[in-house]
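Worksheet for the structure shown next.
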Amino acid sequence: MVLYTSPFPNSFLSVLHSLSWGLIFPCYWLADRLVGSFVPTTYEKRQRADDPCYFHALCIIITTPIYLALLAASLPFALIGFLLWSPLQSARRPYIYSRLKHKHQADGATLLTEWKAAGSGKSFCFGSANVCLLPDSLARFNNVFNTQARAKEIGRRIHNGASRPQIKIYIDSPTNTSISAASFSSLASPQGGENTNRTVNAGIKRTTSMEYKGDNSGSNNSEDREDKGGSGEPNEGEENTCIVRINGEDNGHMSDTETDPINGQAHAGGPAEPSLEGDAEISKTPNHKQKEGDSGSLDSYSASRESLVKVRVGDGTVDQSTVNNKLLYKASIMKKTSVRKKKHTDETFDHEISAFFPANLDFLCLQEVFDKRAAEKLKEQLHHYFEYIVYDVGVYSCHGCCGFKCVNSGLLFASRYPVMDAAYHCYPNGRGMDSLASKGALFLKVQVGSTPQDQRIVGYISCTHLQAIAGDTTVRCEQLDMLQDWLSEFRKSTSSSSTANPEELVAFDVICGDLNFDNCSSDDKLEQQHSLFTHYKDPCRIGPGEDKPWAIGTLLDPEGLYDEEVCTPDNLQKVLESEEGRKGYLVYPTSKNHSSSQKGRKAALKGNGRRIDYMLYTEEGLYLEWKVEVEEFSFITQLAGLTDHLPVAMRLMVSTGEDDP
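Read in order, the letters of the sequence shown are residues 1 to 661 in the UniProt record's numbering.
If you want it as structure tokens, here you go:
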């Protein structure tokens, strides 16, 4: 299947489209600004409350007649542009595929060879988020604004979070896992060396979360791995990984570092005096006030609350012969001297509320990237980490049975692995305001490796956004039916394997997206019992109407987005870790006994919030000898103040056994 790198099949149509949109855009921009000036956010209301001269009100009085006059003058040109633009959409392609041109061509091949090096399997990390990048006037109804600046900041935070180093700390004491923030912050960022395993030296430099910003030059961190690739094979899942070993003395505080040159590990034993070097480059967006301690954008002077640190607990002194047999735990470095466990005794995988996107994020699915200018800015930022991006997904104008569409589907997909095939389908049964957007499903096939027999190892990822209007239960169920049918057709049409002679081995099949229903609401019972959940597993779900106790809602209360308690990733993470905090800042499942607004009704609320953003996986249709398991699931606060949804992430381990097939 050919991937479309431009929206139109030839340059002539592209020029006509640019001309038509150039005639429409002034009218569109003026209307957006005019409506937006009358829909203030709570952030703007608080600022204006401190203005005794009512300067903003005076500006509105002056600018409104000007906007109206210019809008009236631009309408004839917009009408001409629309008459030219509308028929062109029948020739428009359903998506744009973007790949970095200046990126080293071997980068994708480097990732594909990791499967062979892994031998027994490989893990893949998936992320999903609703980023609410609508035209500014519409975004304000969700209490967010300045869409263009938010798009750039969202992309920056995602690539900074995903490209930061993943640190593993080996603790040689079975009882003492206490680590001070000062000790942790004295760890140096991983530096390039001749060995793939990198050494951490405590006491050289204080490294905070803001000091690792990823590669902002347009090439992602895999180029650094290329320079080191000839010196040794990386350990599976340990890209950008620092390894530190801490002995059980001195209450777990780190001291003078003793480096093990053989294993590339640092042994720490006593306190180290941190010293801060470098200045922080702090970026502010109009709707997110940057503060000290805001580690979500990696611009903090304090140690990260969420570092996704691996902790391995042993009995007594640990040597290399026994370290591989110890139990692996996830821990987070707290700003106070404590380590928080992620794993419940009755759960088979780690789960957490994280202030960062997971390190080494492989695939990202975004929803509500409706604004085309914002999509371009977001794409530019994401390309600092992801090599392959599919964006501007959807149809416009009158297209088939979908009716007239004003905006696209809002779906965007980013990947570190090569995209082999892609397909998009529009839901034909949208209602109300949703019918004006070409909401649908994007299906992708990616290559993630190859076997020693040169069989391709592939995965399938589906990204979707369902009907949003409350009460449209039957519409959403019909869309879930179509989603399953389209996915089945996509897998059949893109498969080049036969049972007797498999040319491809399927490693995973994942569905991500905003499904606009939760698993605990009494109004969503029909969706909760849909057949989709018999074929795909939800890591957060026990059964229809019941979530696991650690699962929390992903829909934030828009009215509280700019409160001091939740306006930074660290603060939002801290709030969501408590039941009272969740009751104050999450939207809860609807009930016949009370309305969806929870202000003043905290005592009546039950559960952990309305979870409408899903990540599902299946074990059906995969290579029979392989096993797929969830390694970790995260609710992410790194986009605090930028969207009204919590992103989610899931890491899957594809186990192949000792020998490759």
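Note that the Cβ used here is the ideal one computed from N, Cα and C, for glycine as well.
Selection from the options that minimises the alpha carbon distance to residue i
i	options	result
PHE38	ALA91, GLN529 and PHE145	PHE145
GLN453	ARG416, ASP350, MET482 and PRO502	PRO502
ASN10	ARG92, HIS56, TRP29 and LEU71	ARG92
HIS383	ARG48, SER163 and TYR585	SER163
SER634	VAL566, MET615, LYS152 and PRO135	MET615
MET420	PHE404, LEU30, GLN528 and ILE461	ILE461
residue 749	TYR67, MET653 and TRP29	Nothing about residue 749 can be read from this structure; the chain reaches only from 1 to 661.
LEU491	LEU442, GLN89 and SER531	The identity of residue 491 in the sequence shown is Arg, whereas the question assumes Leu. The residue with the shortest Cα to Cα distance from ARG491 is LEU442.
ASP563	PHE508, LEU586, SER128 and SER415	LEU586
GLU577	GLU352, VAL648, LEU75 and LEU642	GLU352
ASN160	TYR385, THR42, ARG99 and ARG373	TYR385
ASP472	LEU13, VAL510, LEU526 and LEU88	LEU526
ILE612	CYS520, LEU75 and ASP570	CYS520
PRO26	TYR4, PHE12 and ALA69	ALA69
ALA470	TYR427, THR494 and ASP524	ASP524
ASP481	CYS540, LYS445, GLY459 and PRO428	PRO428
ALA31	VAL446, ARG157 and THR64	THR64
LEU652	CYS125, GLN381, ILE24 and LYS45	CYS125
ILE96	LYS379, THR348 and PHE77	LYS379
VAL630	PHE349, LEU561 and SER137	PHE349
VAL458	THR464, GLU489, ASP434 and VAL510	VAL510
VAL448	VAL506, ALA374 and GLY543	VAL506
GLU632	GLU565, VAL654 and LEU19	VAL654
GLY127	ARG582, SER531, PRO589 and GLY513	GLY513
C-alpha distance - residue i paired with residue j, whole-angstrom precision
i	j	result
VAL390	ASP50	44 Å
residue 692	GLY545	The chain is shown only over 1 to 661; residue 692 falls outside these bounds and no answer can be derived.
CYS59	TRP486	51 Å
GLU580	CYS477	33 Å
GLU387	LYS101	9 Å
LEU646	GLN484	25 Å
GLY22	LYS377	19 Å
TYR617	VAL475	23 Å
ASN220	ARG416	Reliability fails at ASN220, whose pLDDT of 44 lies under 50, so the model's placement of it is uncertain and the value that follows must be treated cautiously. About 10 Å.
residue 672	LEU639	No information on residue 672 is available, as it lies outside the stretch 1 to 661 that the chain covers here.
SER14	CYS406	19 Å
PHE404	TRP626	45 Å
ALA72	ILE66	10 Å
VAL2	SER438	22 Å
LEU361	PHE508	16 Å
VAL648	ALA151	18 Å
ALA139	THR147	7 Å
THR637	ARG541	21 Å
LEU444	SER74	40 Å
MET650	ALA551	13 Å
PRO76	GLU44	34 Å
PHE517	TYR54	42 Å
ASP434	LEU88	23 Å
Those residues which DSSP pairs with residue i across a bridge
i	result
TYR391	ILE96
LEU505	ILE457
PHE633	HIS351 and MET650
PHE490	PHE490 pairs with nothing; no bridge assigned.
LYS627	SER655
THR464	ALA441 and GLY513
GLY545	None, per the DSSP bridge assignment.
PHE124	LEU652
LYS537	TYR617
ALA129	LEU366
SER450	ARG456
HIS159	DSSP lists no partner for HIS159.
HIS530	Note: HIS530 sits in no beta bridge, so no partner.
LEU88	In the DSSP output, where bridge partners are listed per residue, LEU88 has none listed.
LEU556	LEU586
Open item on the list: Any contact between the stretch 379-394 and the stretch 411-419? By contact I mean 3 or more CB pairs, one from each, below 8 Å.
Closed with: yes
Open item on the list: When you compare the stretch 67-86 with the stretch 350-370, are there three or more beta-carbon pairs, one atom per stretch, that lie closer than 8 Å?
Closed with: no
Task: Continuous beta strand (DSSP E) assignments of at least 3 residues falling wholly in the stretch 395-435 - done: 412-415 and 419-426
Open item on the list: Does the stretch 365-383 come into contact with the stretch 545-564, if we say contact requires no fewer than three beta-carbon pairs (one atom in each stretch) closer than 8 Å?
Closed with: no
TODO: Tell me the start and end of each unbroken beta strand (DSSP E) in the stretch 354-385 that is at least 3 residues and wholly inside, in chain order.
DONE: 363-369
TODO: Count the C-beta pairs between the stretch 564-576 and the stretch 533-544 that are closer than 8 Å, then say yes if the count reaches three, no if not.
DONE: no
Task: Entirely enclosed alpha helix (DSSP H) segments - the stretch 4-72, minimum 4 residues - done: 11-36 and 42-49
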